[in-house]
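Student: Pasting a structure here, questions to come.
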Amino acid sequence: MKYLIITPVRDEENTIEITIKSVLNQSILPAKWLIIDDNSTDNTPKIIEKYSLNYSFIKSLSIDDQRKRIPGKGPMSIFNYGIKTIELNQYDFIVKLDADMEFKNKYFETIFLEFSKDSKLGIASGLIIEKNTLKPSKKHYHEITQGPTKVYKQKCFIEIMPNEEFKGWDFLDNIKAMKNGYKTKIINNLRAIHLKPMDQSVGYQKENYLKGYYDAHLKFSILFVFVKFLKKMLLEKPLFLNGYYYFYGYCKNLFIDKEFYKDKKIISFIKVHHYRRSKEMIMFKRNLYY
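All residue numbers for the sequence shown refer to my numbering, where the first residue is -17 and numbers rise by one.
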């Protein structure tokens, strides 16, 4: 069992050592862990160097690029940069791991066991819970694996790569995998702790604006968006404001910028996926959201 981890990182001195220790404590260690520093201005590079000197499977790269951080886009462009330096056929699994996560020592072993049980499983993750509440920040659909600790079967990953470099990449990779005949799943009884709030780096205003903007980019139906808007307005804190910025971002792209995803087959598959989810909600099916 050989797996590769790639971790994009910028200014994570307060959390990256916890993540490193979580990996070092795994019952199955990675064959290679590539940590890519994206122009950190704190002690992150020194922490990475300390561990890379002591553990041969930890490798580091540095990128000197003064880009402004954009949620989803920046980290995924760094991840894709790292992928280009790797011979993927050497590994059974590829892991995208954020540098602000903590998890127990059999985290990856448990995920690999799920893959061994189902040959059609292409992408899996644990359920991400927040450090302060030990609960998810919101409800997650059981098939939409979560970005901070994604595990890809090598064959699936090669078929759907590269990951898109925009907010919503961690939705779209699931869609591409499903379209290619793979299953994707969150393992509900397997938890990973997110060590800082999801929107801390840019604030909830821009976080939700970008979510709406890229939902329009993927041409989410207005009905599906309206339900999502109501959930954000009424269930996600700060109440009302999350929904406002989300819907503003959606309308801004839909009616003004009109920056849309080009692959019509993927857009059509998204509509089928959303139709199925809407039908499940109408039929009151349980245990679909964690």
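Idealized CB from N, CA, C, for every residue including glycine.
Since this is a predicted model, take the numbers as computed values, not measurements.
What's the C-alpha gap between W15 and H124?
Tutor: 28 angstroms
Student: To the nearest angstrom, report how far apart P144 and T115 are at their CA atoms.
Tutor: Spanning the two alpha carbons is a distance of roughly 34 angstroms.
Student: When the Cα of L172 is compared with those of K88, S44, M265, N71, which residue comes out closest?
Tutor: K88
Student: Using the Cβ count rule (16 or more neighbours within 10 Å means buried), how would you classify F237?
Tutor: exposed
Student: Under DSSP, the beta strand (DSSP E) around M83 begins and ends at which residues?
Tutor: Here the beta strand (DSSP E) through M83 covers 83 to 85.
Student: Counting C-beta neighbours from all protein chains within 10 Å, is the total for R(-8) 16 or more, i.e. buried, or is it exposed?
Tutor: buried
Student: Give me, in chain order, the residues of the same chain whose beta-carbon lies closer than 6 angstroms to that of K158; leave out the 5 immediate sequence neighbours on both sides.
Tutor: I142
Student: In this structure, how does DSSP classify N171 when only helix, strand and coil are distinguished?
Tutor: strand
Student: With DSSP run on the structure shown, which of helix, strand or coil describes G225?
Tutor: helix
Student: Using 8 angstroms as the threshold, is the stretch 82 to 102 in touch with the stretch 160 to 174, meaning 3 or more CB pairs across them?
Tutor: yes
Student: Which partner residues of L43 appear in the DSSP bridge assignment?
Tutor: I18
Student: Determine the DSSP secondary structure at T67, reduced to helix, strand or coil.
Tutor: Residue state, collapsed to three classes: coil.
Student: Here's the rule: buried if 16 or more other CB atoms are within 10 angstroms of the residue's CB, otherwise exposed. What is F229?
Tutor: When all chains shown are included, F229 counts as buried.
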